[in-house]
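Enquirer: Per my numbering, the very first residue in the sequence shown carries number 8; after that it's consecutive. Even for Gly, the Cβ is constructed at its ideal location relative to N, Cα and C. Here the structure is a predicted model, which means the values were calculated and not measured.
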Amino acid sequence: MYRSQYKWLLLLAFVVLYLLPLGLTPLWMPDEVRYAEISREMLATGNWVVPHFMGMDYFEKPVLGYWMNNISQLLFGQTNFAARLAPALSIGLTGWITYYFVKSALKDERKAFYSALVYLSIPLVFGVGTYNTLDSQLTLWMAAAFASFYFAMNGQNRSALVGRYLLFGVFCGAAFLTKGFVGLAILVIAIVPFMIVTRQFKQVVGYGTLSILAAVLIALPWSIAVAIQAPDYWNFFFWNENIRRFESNNAQHLAPFWYYIPTLLLAVFPWTVLAPHAIARSFADKDNKRFFLYQACCVVLPFILLSIARGKLATYIMPLMMPLAILIGCGLVELIKQKHVIIKWSVWINLLAFSGIALVLVLVQYQVLGKVEGYQAEEIYTFWFAIGVFFFCALLPLLPMKKFSRVPFFLAGTSVALLLLLPFFLPMKVVNNKHPEVFYEQHISLIDQDAWVITNYPGLIGGLGWILDRSDIDLLESYGELEYGVKRSEQQRYFRYDEFREQLKKRQHSQQVVLAFYANPTDAHVFKELPAPAQQYQGGNFHLYIYPKLP
């Protein structure tokens, strides 16, 4: 049985599970430390127009996502909580939009609640929503655009049509300012076919000019400002971050056409099993076929577009999760009413999946299955805690089996519980590969404020800047995504090994030299290129070489 008070419990769960733990774990490398550092530098320099990373031009994204992170750091300081707050709040607001969208369109509070419940418990949504990346902010504006456009098409009078189309344009402009043209492409590919099928193309073309005007007014001031301060911004951003990523053979994150199919199936677990039945129930609602057709267009057509693109990441399908959650959540209400057996099947498959993973982990840890190095001997309690978490997630949905209507609540808790507890049972081999602050903060007192700091790994440089509160860290032998900024910098920011050795001899007479580098035991060539330090420290693949200032 659904009670209206449940929506307040969902809000409480969001605060407790999404917001409160944000600052408890270290930032991940490379994305989280990069976006945290870019906002730190914006605040330090006062330049909110041109994005910089390590003091160099960084034109990979527009600025609205950074601005949201900036405000968070202004309010809560240079903390991991502040770095992750804007993405988490974006997901929370998207959950509210999901609820309001369904409730207003269908006049059904129960379906609105279950749609929001499904959305906030989707593993991809929870994982990205508690992680510092710009996809959560884009998802917020895309969700607002999807919902406002649907309401705009259903305006009953001229003033409603004008206001709603203008609002839609505002959200389109915000999506553009967050990640550029990709948001607009997803909106167009979803909306245009729907307009044609529902024969509303004429209305949208007429009032759509207002949306275009609003989007331009939102995006134009910063677009002009950045063009004045950084004339090459739009040339780099358009060709490198949009055209090359879509069709180039050397695009970042190359993946096959079918990449998003298994990704989507895993991304929505444990709803994967019942999703087809739930979606079918949604389309069986003849009174609201148009509403559910719109949700399908917002999922299927962008999914095809993103699959065609050569560059792919799991986070790119985040804007599709709200309409997908609506299709699943509304159908789930009907499955609950019918006490459909597929809900029980979801529970049993959840049991098999999580207990199966736990069993595999045990076999791998004790090298019965393969020879993969797992947890170290001193981490054995952490390992068994991990096993306990998996079995907890496996058994959790079994608790309310006698009260069928409560099963979805517990099913929703499985993936959330796993992702919430995951950082606390990671093996140290992962921590020492992905969490630079865990290792380097132990030795921060050894680093002079005026030391020359250099690193061989672009993915590590953001973490060092965040920890040391510096934007002048240089690169050794590799520049990765910082290539553009390095080549445009007025100062030398990139050094080859021979240049480093030469600079080391010169700089040691005036300052301490610190080399923070990333290498595994098989990277013998890296160690051969480096002069012996006076002090050296290691934590997994993280290394710290300290060359003291000479008298």
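#1: With 16 as the cutoff for other CB atoms within 10 Å, does residue 235 come out buried or exposed?
#2: What's the gap between the Cα of residue 289 and the Cα of residue 229?
#3: Give the C-beta separation of residue 471 and residue 523 to the nearest angstrom, bearing in mind that I take them to be a contact with Cβ-Cβ under 8 Å.
#4: Using beta-carbon positions only, say whether residue 482 and residue 489 come within less than 8 Å of one another.
#5: Alpha carbons only, please: which of 172, 69, 378 and 376 is nearest the one belonging to residue 559?
#6: From residue 193 to residue 210, what distance separates their C-alpha atoms?
#7: Would you kindly report the start and end of the unbroken beta strand (DSSP E) that includes residue 524?
#8: Just verifying my parser: in three-state terms, what is the DSSP assignment at residue 461?
#9: Would you list the one or two residues that DSSP bridges to residue 431?
#10: Taking the straight line between their C-alpha atoms, what separation do you get for residue 179 and residue 146?
#11: Quick check on residue 265: buried or exposed, where buried means 16 or more other Cβ atoms within 10 Å of its Cβ?
#12: Kindly indicate which three-state DSSP category residue 141 falls into: helix, strand or coil?
#13: Pick out whichever of 86, 157 and 43 has its Cα sitting closest to the Cα of residue 74.
#14: Among 158, 144 and 226, which one has its Cα closest to the Cα of residue 177?
#15: Just the Cα atoms here: how many angstroms apart are residue 237 and residue 60?
#16: May I ask you to verify whether the stretch 491 to 502 touches the stretch 518 to 538, counting CB pairs closer than 8 Å and requiring at least 3?
#17: Whole angstroms are fine: how far does the CA of residue 92 sit from the CA of residue 29?
#18: Could you give the distance in angstroms between the alpha-carbon of residue 515 and the alpha-carbon of residue 468?
#19: Is residue 497 near the ligand COA, in the sense that its beta carbon is under 7 Å from a heavy atom of that ligand?
#20: What span of residues does the beta strand (DSSP E) with residue 486 cover, start to end?
#21: Decide if residue 503 is buried, meaning its Cβ has at least 16 other Cβ atoms within 10 Å, or exposed.
#22: Buried or exposed: residue 347, going by 16 or more other Cβ atoms within 10 Å of its Cβ?
#23: Measuring alpha carbon to alpha carbon, tell me which of 420, 385 and 410 ends up nearest residue 397.
#24: Do residue 540 and residue 554 count as a contact pair if the criterion is CB distance below 8 Å?
#25: Is the beta carbon of residue 400 closer than 8 Å to that of residue 384?
#26: In whole angstroms, what separates the C-alpha of residue 533 from that of residue 457?
#27: Look up residue 71 in the DSSP assignment and say whether it is helix, strand or coil.
#28: Using a threshold of 8 Å, state whether the C-beta atoms of residue 336 and residue 118 are closer than that.
#29: Could you tell me whether the stretch 320 to 337 touches the stretch 362 to 381, where touching means 3 or more Cβ pairs closer than 8 Å?
#30: Between which residues of its own chain and residue 286 is the CB-CB distance below 7 Å, once the five residues before and five after are set aside?
#31: Identify whether residue 59 lies in helix, strand or coil by the three-state DSSP scheme.
#32: When DSSP labels each residue in this structure, what does residue 318 get in the three-state scheme?
#33: Going by alpha carbons, who is nearest to residue 80 out of 49, 101 and 66?
Expert: By the coordinates alone:
#1: exposed
#2: 42 Å
#3: 6 Å
#4: yes
#5: Examination of residue 559 is not possible in this model, given that the chain is present from 8 through 558 alone.
#6: 20 Å
#7: 520 to 525
#8: strand
#9: In DSSP, residue 431 forms no bridge with anything.
#10: 11 Å
#11: exposed
#12: coil
#13: 43
#14: 226
#15: 14 Å
#16: no
#17: 7 Å
#18: 22 Å
#19: For the ligand COA, the structure offers nothing, since it holds no ligand at all.
#20: Here residue 486 belongs to no beta strand (DSSP E), and DSSP marks it neither H nor E.
#21: exposed
#22: buried
#23: 420
#24: yes
#25: no
#26: 25 Å
#27: helix
#28: yes
#29: no
#30: 334, 335 and 338
#31: strand
#32: strand
#33: 49
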